[in-house]
Amino acid sequence: MTAAGQLPGMFGGLELLPPDPILGVSAAFRADPDPGKVDLGVGVYRDEAGNTPVPAAVREAERALLAGQSSKTYVGPAGNPEFNERIVAMALGPLAAGLRERTATIQTVGGCGALRIGAELVRVAAPGAVIHVSDPTWANHEPLVGSSGLSLQRYPYYDSATRGVAFERMLDRLEQLPGGDVVLLHVCCHNPTGADLDRSQWATVAEVLARRGLVPFLDLAYQGFADDLEADVAGLRLVAERVPTLLLAISCSKNFGLYRERAGALAIVAPTAATARALATHQARTARRMYSMPPDHGAAVAARVLGDPGLREAWQAELAVMVARMKAMRALLAGRLAARRPERDFGWLARHRGMFSLLGLDAAAIARLREVEHVYLPPDGRINVAGVSEENVERVADCIVSVLDPR
Ligand SMILES: Cc1ncc(COP(=O)(O)O)c(C=O)c1O
139 MTAAGQLPGM FGGLELLPPD PILGVSAAFR ADPDPGKVDL GVGVYRDEAG NTPVPAAVRE
199 AERALLAGQS SKTYVGPAGN PEFNERIVAM ALGPLAAGLR ERTATIQTVG GCGALRIGAE
259 LVRVAAPGAV IHVSDPTWAN HEPLVGSSGL SLQRYPYYDS ATRGVAFERM LDRLEQLPGG
319 DVVLLHVCCH NPTGADLDRS QWATVAEVLA RRGLVPFLDL AYQGFADDLE ADVAGLRLVA
379 ERVPTLLLAI SCSKNFGLYR ERAGALAIVA PTAATARALA THQARTARRM YSMPPDHGAA
439 VAARVLGDPG LREAWQAELA VMVARMKAMR ALLAGRLAAR RPERDFGWLA RHRGMFSLLG
499 LDAAAIARLR EVEHVYLPPD GRINVAGVSE ENVERVADCI VSVLDPR
């Protein structure tokens with residue numbers, strides 16, 4: 139019986155869960171009253187002032203959309219067809235037209251929705267397939283794709299000694315996997331390591347995937363965040379040229395700044411047009427059974443930006459500013475750390491791409507940063523360089539140096 143004399147009820151047996159490893163850091167940060175606190179944890183872009191802006195081109199598209207919207211009737215499980223077409227064309231570029239008949243695309247609830255539906259469809263089609271994720275990977279990958287019921291394994295990816303990709307070990311593992319297994323790959327801005335495959339490594343991976351009959355599940359959450367919209371997907375396109383089947387999970391959260399609007403897409407390329415047509419019906423049924431339809435607004439806005447040459451150009455220019463800032467903050471922090479500890483190499487911090495790198499700190503150091511310095515990192519010691527600014531870089535560098543192993 140509870141204090142109020144009630145029985146515990148249906149849900150009374152549920153225990154309190156630990157906080158989400160990443161969202162929990164944001165909650166702890168918000169609750170900290172210290173004026174000098176720094177959030178290096180959360181996975182969103184920040185400008186120099188610490189804000190996560192809506193790009194002006196996106197706001198412009200929103201205004202036009204709202205002005206012309208006369209109905210909010212349902213959109214259908216596959217979402218906005220113009221969005222689906224344009225977002226896949228942005229990812230696949232010149233390949234999109236040739237693959238069109240073999241591609242089934244559904245608008246999803248962000249990139250997470252694409253990963254979840256993709257895993258669900260793999261389970262429906264091949265319940266014995268194993269999904270292989272990089273070691274390490276984004277903290278939500280395993281929960282998202284694993285909750286489909288499929289088995290998960292990790293392939294070697296990151297070499298903490300070189301702070302680069304453990305490419306030989308990764309390849310060795312891929313060479314051993316049975317055909318039909320699924321390999322989840324980060325297209326660019328690997329989360330959490332910042333270490334990406336280079337072009338020749340992508341070409342090798344594409345060849346191994348094709349030769350061994352492995353199915354790539356490509357997670358594209360950061361197109362335009364490493365270098366630019368084209369360069370960032372060069373590896374994806376090499377893979378798409380080689381393999382008969384692939385899954386592509388696209389997120390518009392970061393590059394369009396549409397985070398809370400939950401805009402994304404799942405494109406699946408199949409060996410034949412007939413299979414793609416069947417797949418589209420399964421995509422729609424899966425969505426219908428889970429949440430029926432995706433939210434409209436974010437995807438409609440992204441479709442408008444992509445469909446209007448002026449807005450598209452303005453948005454790309456804003457994206458370039460974000461990328462330049464992330465690169466500048468990487469170089470700045472690496473320089474400040476090197477100035478404090480000249481015997482150590484921090485060049486990797488400047489070399490990594492996108493928002494994230496791993497500092498390689500242990501749990502005690504991460505706890506000390508939070509409790510003593512009010513600097514917040516998730517439990518894996520991932521740093522978001524967009525949380526660094528000209529204003530806080532000296533303090534951030536001091537704090538990091540204070541928890542590095544002694545000289
Ligand atoms: C690697 C990776 N994949 C997918 C996502 C999904 O993004 P969203 O569902 O917010 O669009 C994220 C977001 O942080 C991510 O980092």
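Numbering-wise, the sequence shown is residues 139 to 545 according to our numbering. By construction, the Cβ of each residue, glycine as well, lies at the ideal position given by its N, Cα and C atoms.
Counting only runs of 4+ residues, the alpha helix (DSSP H) found wholly inside the segment 187-261 occupies 194-206, 219-230, 233-237, in chain order. Between Ala452 and Glu313, the alpha-carbon positions lie close to 44 Å from each other. In this structure, Leu404 places its C-beta atom within 8 Å of the C-beta atom of Thr246. Separation of Gly151 and Gly317 (C-alpha to C-alpha, rounded to the nearest whole angstrom) is 42 Å.
Straight through space, the alpha carbons of Arg350 and Ala501 are spaced by roughly 39 Å. Taking C-beta atoms as the reference points, Pro281 and Tyr296 fail to come closer than 8 Å. Contact check for Gly525 and Asp172: beta-carbon distance about 15 Å, past the 8 Å limit, so the pair fails to qualify. In the DSSP assignment, Arg520 falls within the unbroken beta strand (DSSP E) covering 520-522. For Arg442, the closest C-alpha among the options Ala412, Phe394, Ile406 is that of Phe394. According to the DSSP secondary-structure assignment, Ser272 is paired through a beta bridge with Tyr293.
A distance criterion of 7 Å places the beta-carbon of Asp518 beyond contact range of ligand 1, judged by its closest non-hydrogen atom. In this structure, ligand 1 has a non-hydrogen atom nearer than 7 Å to the beta-carbon of Gly402. In this structure, the C-beta of Asn329 approaches ligand 1 to less than 7 Å from one of its heavy atoms. In the three-state reduction of the DSSP assignment, Pro409 falls in the coil class. By the Cβ rule, the segment 240-258 counts as touching the segment 216-225, because three or more pairs are nearer than 8 Å. In this model, Glu399 and Leu323 are separated by some 25 Å (Cα to Cα). The way I'd put it, the segment 461-476 doesn't touch the segment 192-205; fewer than three beta-carbon pairs between them come closer than 8 Å.
His324 carries a strand assignment under DSSP once its states are collapsed to helix, strand and coil. Straight-line spacing of the CA atoms in Gln339 and Ser208 works out to 49 Å.
Within the same chain, and ignoring the five residues on either side of Glu239 in sequence, the residues whose Cβ sits closer than 7 Å to its Cβ are Ala411, Ala414. If you check the C-beta of Tyr429 against ligand 1, you find no heavy atom less than 7 Å away.
According to DSSP, Tyr514 shares a beta bridge with Asp177. Here the alpha carbon of His279 sits roughly 8 Å from the alpha carbon of Val271. Out of Glu481, Met308, Ala422, the CA that lies nearest to the CA of Asp543 is found in Glu481. For the 8 Å CB-CB criterion, Ala422 and Pro215 form a contact.
Take the alpha-carbon of Ala304 and the one of Leu496: they are about 15 Å apart. Within the segment 386-460, the runs of beta strand (DSSP E) that reach at least 3 residues and sit entirely inside it are, in chain order, 401-407.
Counting the other CB atoms within 10 Å of its CB gives Met460 a total of 16 or more, which places it among the buried residues. If you draw a 10 Å sphere on the C-beta of Asp370, you find 16 or more other C-beta atoms in it, and that means buried.
Ranked by Cα distance from Val213, the first of Ala401, Met431, Ala458 is Met431.
Inter-residue distance for Tyr183 and Ala364 is about 12 Å (C-alpha atoms, whole angstroms).
Counting only residues of its own chain and dropping the five nearest sequence neighbours on each side, Arg520 has a CB closer than 7 Å to the CB of Pro330, Phe494, Leu496. DSSP places Gly492 outside both helix and strand once states are collapsed to three, so it counts as coil.
Only residues of its own chain outside the window of five on either side were considered, and among them Pro159, Ile160, Val163, Gly179 have a CB closer than 6 Å to the CB of Pro516, listed in chain order. Phe167 sits in a helix when the DSSP states are folded into three classes. In this structure, the beta-carbon distance from Arg261 to Leu288 falls below 8 Å.
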